[in-house]
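Undergrad:
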Amino acid sequence: MKIKVINPNTTASMTTTIAIAARAVAAVSTEIIPITSRCGAVSIEGHYDEAMSIVGLVDAINEDPVADAYIIACFGDPGLLAAREIAAGPVLGIAEAAMHAASFVATGFSIVTTLERTRIIAEHLVRDYGMEHHCRRVRATDIPVLELDNPESNARNLILAECEHAIVEDGSGAIVLGCAGMADLNSFLEDRLGVPVIDGVTAAVKFAEALVSLGLRTSKRGDLAYPLHKPYKGTLSDYAPQGRMTARMASKQC
Ligand code: 2AL
Numbered sequence: 046m047k048i049k050v051i052n053p054n055t056t057a058s059m060t061t062t063i064a065i066a067a068r069a070v071a072a073v074s075t076e077i078i079p080i081t082s083r084c085g086a087v088s089i090e091g092h093y094d095e096a097m098s099i100v101g102l103v104d105a106i107n108e109d110p111v112a113d114a115y116i117i118a119c120f121g122d123p124g125l126l127a128a129r130e131i132a133a134g135p136v137l138g139i140a141e142a143a144m145h146a147a148s149f150v151a152t153g154f155s156i157v158t159t160l161e162r163t164r165i166i167a168e169h170l171v172r173d174y175g176m177e178h179h180c181r182r183v184r185a186t187d188i189p190v191l192e193l194d195n196p197e198s199n200a201r202n203l204i205l206a207e208c209e210h211a212i213v214e215d216g217s218g219a220i221v222l223g224c225a226g227m228a229d230l231n232s233f234l235e236d237r238l239g240v241p242v243i244d245g246v247t248a249a250v251k252f253a254e255a256l257v258s259l260g261l262r263t264s265k266r267g268d269l270a271y272p273l274h275k276p277y278k279g280t281l282s283d284y285a286p287q288g289r290m291t292a293r294m295a296s297k298q299c
C-alpha cells in the first residue's frame, strides 16, 4: 500500500526526519511517500500558520500518485477534516493518532510540545478529540519548531527534562511528543524515561496500515462527502471543488 506522509510546513529537512521515522516502522510492503508542502510557513506554530498550510496540504493530497492513506505530519493536525472531505482513503493527523495510541497503553499521558502558543492549540485538540480523561497535562518547552532540527541546539535535553517533570508532577504513564520534528527522539527518550513515548508519525503509519488492511475508507456520507461543486473566486478560483475528480486542482498547485 502507498501512504503519503505530508509535512504541511515547507522545511524539507524536517520531512526527511519524518520520512526516516515513518519508514522505520512501516511494513515491508508499505511504500511511504513523503511530501514537503510547496507553499506556506517554514514551521507551523499558530492558528494563522495552520490556516495558510491547508492549500499546500490539499495540493499534496491531490497530486499523483493517489495513495491508500494520508498522514498530516504536524501536531496541530491542520486541515484534517477538509483533507478527509477530498480524500477517498483514510486521513490521519499525528496528534489524533498519538493521543489514541497513548490511551491504549496508559491511563494518563502528558503531551510535551514546542511553544506556549502551540501548547494552547494542543489543549484545544485534546478537547476536540474527547481526550480530557486521558491527557493529564500539555507542557511547552519554549523550543521553536526549527530549533528541533538544529544539531547545535539543546532541544533534546530540554525535552527530556520536561518529560521527567511530566512523569513525576502529572503522574503520567506515557508521553506524547507534540511536534513532528520530534519524530527522531523516541528511543533517546524511552531509554531514559522508562515509560512509553509516542510519536504521532509512527503511530499514524501503523494505524493507517491497519485501516487500509481492514478495507476502511473515509465515509462519504454526511459531512465528509466530497466538497460541493461550486465556483470559488479570486486567488482560490483554481481550488473550486470539481466533484470527485480533482485533476484541475492538481494541475494548479500553489
Ligand atoms: C508543528 C509540527 O508538528 N510541525 C510544525 O511545523 N509545527 N507543531 C508544533 N506543535 O510545534
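Using our numbering, you'd call the opening residue of the sequence shown number 46 and step up by one each time.
Note that the Cβ used here is the ideal one computed from N, Cα and C, for glycine as well.
#1: May I have a chain-ordered list of the alpha helix (DSSP H) segments no shorter than 4 residues that lie completely inside the segment 227-275?
#2: If you count every other CB in all the chains shown that lies within 10 Å of the CB of Gly175, and 16 or more means buried, which is it?
#3: On the criterion of 16 or more Cβ atoms from any shown chain inside 10 Å, does Lys278 qualify as buried, or is it exposed?
#4: Could you tell me the distance, in whole angstroms, from the CA atom of Val213 to the CA atom of Leu170?
#5: Is the Cβ-Cβ distance between Ile48 and Asp113 less than 8 Å?
#6: Say yes only if the C-beta of Phe252 is nearer than 7 Å to one or more non-hydrogen atoms of ligand 1, and no if none qualify.
#7: Starting from Tyr93, trace the alpha helix (DSSP H) both ways and give me its first and last residue.
#8: Determine the contact status of Pro53 and Ile77, defining contact as a CB-CB distance below 8 Å.
#9: Is Phe120 helix, strand or coil when you go by DSSP?
#10: Output needed for Phe233: all residues of its chain with C-beta closer than 7 Å, excluding positions within five of it in sequence on either side, in chain order.
#11: Tell me which residue opens and which closes the alpha helix (DSSP H) that Leu40 is part of.
#12: How about Ile188 and Thr159: are their beta carbons less than 8 Å apart?
#13: List the residues that DSSP assigns as beta-bridge partners of Gly223.
#14: Determine which residues share a DSSP beta bridge with Leu137 and list them.
#15: Apart from the five residues just before and just after Leu256, which ones in its own chain have a Cβ nearer than 7 Å to its Cβ?
#16: As a quick exercise: from Ser282, Gly101 and Glu161, pick the residue whose alpha carbon is nearest that of Gly85.
#17: Got a sec: does ligand 1 put a non-hydrogen atom nearer than 7 Å to the Cβ of Phe154?
#18: Looking only at its chain, what residues have a beta carbon closer than 8 Å to the beta carbon of Val87, apart from the 5 residues adjacent to it on each side?
#19: Which class does Ala185 belong to by DSSP, given the choice of helix, strand or coil?
#20: Keeping to the same chain, check which residues put their C-beta closer than 6 Å to that of Met290; ignore five residues upstream and five downstream.
#21: For Thr163, which of helix, strand or coil comes out of DSSP?
#22: Hey, how far is the Cα of Arg293 from the Cα of Leu281?
TA: By the coordinates alone:
#1: 231-238 and 245-258
#2: exposed
#3: exposed
#4: 24 Å
#5: yes
#6: no
#7: His92 to Asn107
#8: no
#9: coil
#10: Arg201
#11: The requested residue 40 is not part of the displayed model; the chain covers only 46 to 299.
#12: yes
#13: Thr158
#14: Ile116
#15: Ala114 and Pro135
#16: Gly101
#17: no
#18: Asn54, Thr55, Thr56 and Leu191
#19: strand
#20: Because the pLDDT at Met290 is just 47, under 50, the model does not fix this residue reliably, and the point stays unresolved.
#21: helix
#22: Any answer about Arg293 is weak, because its pLDDT of 45 lies below 50 and its placement is not dependable; what the coordinates show is given next. Those two C-alpha atoms are separated by around 12 Å.
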